[in-house]
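Residue numbers for the sequence shown follow full-length UniProt numbering, so the first one is 1 and each next one is one higher. Glycine residues also receive a C-beta, built at the ideal position from the N, C-alpha and C atoms. These numbers come from a predicted model, not from an experiment.
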Amino acid sequence: MAHCILRIALDTPLNAVFDYRWACEPGQEPLVGQLALVPFARREVVGLIVAIAQESEVAEDKLKDALAVRSQLAPLSAQWLALAGFAADYYQRPLGEVALPGLPKNLRVLTTVALDRAIKKLGKLEAPHDPTPAGMPVLNPAQQAAADCIGSATGFQPALLYGVTGSGKTEVYLQACAQVLARDPAAQILILVPEINLTPQLEGNIRARFPGLMLATLHSSLSEGERMLHWLAAHEGKARIVLGTRLSILASLPRLQLIVIDEEHDPSYKQQEGLRYSARDLAVWRAWQLRIPIVLGSATPSLESWHHAQSGRYRLLELRERAVQQAVLPTVKLIDLERDKPRDGLSANLLAALRQRMARGEQSLLFLNRRGYAPVICCESCGWVSECKRCTAHMVLHRPEHRLRCHHCSLELRIPRHCPDCGNVDLQPVGRGTQRIEEALQQMFPEARILRIDADSTRRKGSAQQAFDTVHRGEVDILIGTQMVAKGHDFKKLTLVGILNPDAALFSQDYRASERLFAQLMQVAGRAGRAAQKEGGSPSEVLIQTRYARHPLYGAVVAHDFDHFASALLAERAQADLPPYLFQALLRAEAAELAVALDFLRAARACTAHEGITVNEPIPMSMTRVHNVERAQLLVESASRPALQAFLKEWTAALRALKTRVKWSLEVDPLDI
């Protein structure tokens, strides 16, 4: 019987790996990258074998025996372990907190039944391996040049595919994939999208184009059994194309040859809980690690990616025209609300445009990135407003459900019959959400087929796709939606987009707000006029209701001028020493009392020398209280990424040594400050 020491990473905040004894027959030794069941504290947990040794520094009487090794599963590759190790180092988290959550939950449970069942089911599935594409449309010259550049690339070659909305970026991806698969039929390709509701349409396009290949999808809406099966298909190399959201960047793909990041600018690629990683940034590192090409596509690239393209770090590929002949970019017009006073949130010009589209059998989209009926209700007698008892936020009125709801802690209350402070029964909604706009439109256009798509109307699994299918079938005259409808969807009959209440972002304290607003407006504007204009049909149009019609951001949107807008923003960022010219990390602290959180951050600021690193004063977070927890933050900055990383490594060790009951977390490259 052979004996060895298994060094195992566990999903725990402790920044260490743990030694366990293992005995087995000669020739049946475990392998690095396999999973093992071990006792930990008073539980039995699954961990990842990251090393095998003959001796341990742990005293013999304190060593515990591993209980089982998942030998039926092929080990995770050295490249995958290196990816997890890089993410752990860069984002300052223990290896186990990165590696284990990146695996399907059914791989991390105590029983092997689910794993055995999934392996058996996968074995019965026929893995088609014919990479011959079907129905390859002819590309225009710009598309063909981009597809050839991506498809023929060898080694690490990052490319930024900048294409206006409707320019055919998806077709470029698919034809580049076809070239990679023609060159290596065993190759795997990873395609990332920012949101789950974008996967069905792209999945359908991929299946139609590559009917002879297995496609795996990975996102959080899958059941655990589905996610296990799809992950195994990717892990064993049977799935040639893997489509997923940000979590799929940590999928095991032993034959990965190309990575595609669609809508690369989208903040959804940044995980905002637990391991706060950027899937886009990890994808670039993974492509560099494997020496493979990667393409980042967007109609409104992030300033970081645009800066890399302008400096030559990324190759810039451009699609300046729409792919469909006679499909042109919509005309963007501003409606000055100081002159055209709105009725129920809708101006006369916008209402007239809606009537014209309905008369012509065309579809319209009203975009309002605020769900619910109204952001708040108030008492006009004493000034009371519906504030959340647990958060520094207002309770949003959801009138159809007869509820006030906090969108931060999910607290729900009945709508009060009278003011809690003065007893006044005349409580008024203030502002407008998608539900209130829907109600107003139903009264103004009783004959119209109106559909609202937001997080409230699509809570049930599959309901979002059903709603989008209804729009695609032409069974909707007016679509009302939040950011769920703003990108990736190809509505053939939609010729009018109305944008309501975008002005709030103009005055945000977040320096990224203008970049995000511009991207959001350009993306939602791009839903209009994607099909060829019919003879005698109305040209596609975007109407933006604003009280600040002379703001330069709106001028850039009207001109469809991303280049100059991005250049101006980059110049501002350079002058103000902000990313991408500076590198940041954010330490957050949570406690029952704000003073306790701030005291911890002051101690954190003083616990490590930081020469050459700017460590700012601690301040309360803009949303100070959430679910009765007080929150504060401390921003760290440096002009050097390596210098910041070296400081963070030392600082994190010092923070772990501080004796505190404060819950704290460190985020590298934060998006929300």
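- For residue 20, the closest of 27, 552, 44, 350 by C-alpha to C-alpha distance is 44.
- Its chain contains 369, 520 as the residues whose beta carbon lies nearer than 7 Å to that of residue 483, once the 5 sequence neighbours on both sides are disregarded; these appear in chain order.
- A Cβ-Cβ distance of about 6 Å is found for the pair residue 673 and residue 586, placing them in contact under the 8 Å criterion.
- For residue 217, the enclosing beta strand (DSSP E) covers residues 214–218.
- When DSSP reads this structure, residue 523 sits in no beta bridge, so it has no partner.
- From the listed residues 175, 244, 517, the smallest Cα separation to residue 190 is found for 244.
- Counted as a single uninterrupted DSSP element, the alpha helix (DSSP H) harbouring residue 471 occupies residues 463–472.
- Excluding sequence positions up to five before and after residue 207, its CB lies within less than 7 Å of the CB of 215, all in the same chain and listed in chain order.
- Counting along the chain, no beta strand (DSSP E) covers residue 143; the unbroken alpha helix (DSSP H) around it starts and ends at 141–151.
- Non-local C-beta neighbours of residue 218 in its own chain, meaning closer than 7 Å and more than five positions away in sequence, comprise 227, 230, 231, 242, 244, 247, 248, 251, ordered along the chain.
- The beta carbon of residue 235 sits closer than 6 Å to those of 252, all from its chain and outside the five residues before and after it, given in chain order.
- Between the alpha carbons of residue 665 and residue 94 lies a gap of roughly 13 Å.
- Residues of the same chain with a CB within less than 8 Å of the CB of residue 40, apart from the 5 flanking positions on each side, are 10, 12, 18, 47 in chain order.
- When 426, 400, 445, 466 are compared, the shortest CA-CA separation from residue 434 is found for 400.
- Segment contact: the stretch 540–551 against the stretch 496–507, three or more CB-CB distances shorter than 8 Å; contact assigned.
- Around the beta carbon of residue 522, 16 or more other beta carbons lie within 10 angstroms, which makes this residue buried.
- Note on geometry: alpha-carbon atoms of residue 616 and residue 327 lie some 50 Å from one another.
- DSSP places residue 292 outside any alpha helix (DSSP H), giving it a letter other than H or E.
- Contact between the stretch 286–295 and the stretch 198–213 is absent, with fewer than three C-beta pairs closer than 8 Å.
- Per DSSP, residue 202 lies in no beta strand (DSSP E) segment; the continuous alpha helix (DSSP H) that holds it begins and ends at 199–209.
- DSSP places residue 414 in the strand class (E or B) of the three-state scheme.
- Counting along the chain, the unbroken beta strand (DSSP E) around residue 24 starts and ends at 18–24.
- A contact is defined here as three or more CB-CB pairs under 8 Å, and the stretch 126–145 fails this definition with respect to the stretch 74–84.
- Taking one beta carbon from each stretch, the stretch 383–398 and the stretch 473–482 have fewer than 3 pairs nearer than 8 Å; the two do not touch.
- Residue 456 and residue 266 have their C-alpha atoms spaced approximately 22 Å apart.
- Taking the Cα of residue 445 as reference, the smallest distance to any Cα among 485, 353, 426, 472 is reached at 353.
- In terms of Cβ geometry, residue 634 and residue 601 form a close pair [threshold 9 Å].
- At a Cβ-Cβ threshold of 9 Å, residue 277 and residue 158 do not count as neighbours.
- Annotation: the continuous alpha helix (DSSP H) that includes residue 566 extends over 562–576.
- Distance check between residue 262 and each of 112, 192, 627, 147 places 192 closest, using alpha-carbon atoms only.
- If you draw a straight line from the Cα of residue 96 to the Cα of residue 7, it is about 12 Å long.
- Boundaries of the beta strand (DSSP E) harbouring residue 633: 629–638, taken from the DSSP string.
- Sorting 528, 529, 503, 509 by C-alpha distance to the C-alpha of residue 517 places 503 at the top.
- For residue 487, the closest alpha carbon among the candidates 195, 342, 275 is that of 195.
- A Cβ-Cβ contact shorter than 9 Å links residue 566 with residue 301.
- Looking at the DSSP output, residue 40 sits in a beta bridge with 43.
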